[in-house]
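> Numbering (the working numbering), first residue to last: 4 to 148. Positions of the beta carbon are idealized from the N, C-alpha and C atoms, including for glycine. All values reported here derive from a predicted model rather than from experimental measurement.
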């Protein structure tokens, strides 16, 4: 996973981390399920939830806001990064995730923006995940705010 994060107007942070992908399931009777991709290295990391009631399809997926509980299909993306000793986070609130699915692997490119949770600084994020195998285990995609 390669990540480029730009804190406007000028700061840029780049990091790379191994990525993992898991099928996930939401609570019975609620929107949930899909695919959870994540990568963490030190204090930096990214999580992408491809949320769908159906199978994961190749193509463009809209970025959903963190609290969106109505949209049946879309991607929720969050990034965590360190600046010095301080941890920062930014859930994306706009953008697109392009998904490529082949056999039991998935690749994606995400581009979007959001506001940091601590400073409210506007942050642009680009994430690229090369083909990563989808794990056999299922994890929970239960969303909590």
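Per DSSP, what kind of secondary structure is residue 27 in: helix, strand or coil?
Walking along the chain shown from the start, residue 27 turns up at place 24. Residue state, collapsed to three classes: strand.
> Just confirm the distance between the C-beta atoms of residue 19 and residue 10, as a whole number of angstroms; I'd bet it's less than 8 Å.
Mapped onto the chain shown, residue 19 falls at position 16. Mapped onto the chain shown, residue 10 falls at position 7. At roughly 19 Å, the Cβ-Cβ gap does not stay under 8 Å, so residue 19 and residue 10 are not in contact.
> Assign residue 41 to one of two classes, buried (16 or more other C-beta atoms within 10 Å of its C-beta) or exposed (fewer than that).
Reading the chain shown from its first residue, position 38 is the one you call residue 41. The residue is buried, with at least 16 neighbouring Cβ atoms inside 10 Å.
> Should the region 85-104 be called in touch with the region 46-65, which here means at least 3 C-beta pairs below 8 Å?
yes
> Quick one: what's got a C-beta closer than 6 Å to residue 68's C-beta in the same chain, skipping five residues either side?
Looking up residue 68 in the chain shown gives position 65. Excluding sequence neighbours, residue 68 sits near 96.
> Helix, strand or coil for residue 85, going by three-state DSSP, please let me know.
One-based indexing of the chain shown puts residue 85 at position 82. Residue state, collapsed to three classes: strand.
> Give me whichever residues DSSP pairs with residue 8 in a beta bridge.
The sequence position of residue 8 within the chain shown is 5, counting from 1. DSSP, once it has assigned bridges, lists 16, 128 as partnering residue 8.
> Please report how far the alpha carbon of residue 17 lies from the alpha carbon of residue 115, in whole angstroms.
Within the chain shown, numbered from 1, the residue matching residue 17 stands at position 14. Within the chain shown, numbered from 1, the residue matching residue 115 stands at position 112. So the two alpha carbons sit approximately 15 Å from each other.
> Let me confirm a value: residue 53 is counted as buried when at least 16 other C-beta atoms fall within 10 Å, else exposed. Which label applies?
As a first step, residue 53 must be located in the chain shown, where it is residue number 50. Label assigned to residue 53: buried.
> Roughly how many angstroms separate the alpha carbons of residue 121 and residue 92, rounded to a whole number?
By 1-based counting over the chain shown, the position of residue 121 is 118. By 1-based counting over the chain shown, the position of residue 92 is 89. Using only the alpha carbons, I get a separation of about 7 Å.
> Figure out for me which residue from 135, 144, 119 has the closest Cα to the Cα of residue 107.
Here residue 107 refers to the residue found at position 104 of the chain shown. The shortest Cα separation from residue 107 among 135, 144, 119 belongs to 135.
> For the beta strand (DSSP E) containing residue 100, name the first residue and the last one.
The residue you call residue 100 lines up with position 97 of the chain shown. First-last of the beta strand (DSSP E) with residue 100: 97-105.
> With which residues is residue 134 paired in a DSSP beta bridge?
For the purposes of this step, residue 134 is identified with residue 131 of the chain shown, where counting begins at 1. Bridge pairing for residue 134: absent [DSSP].
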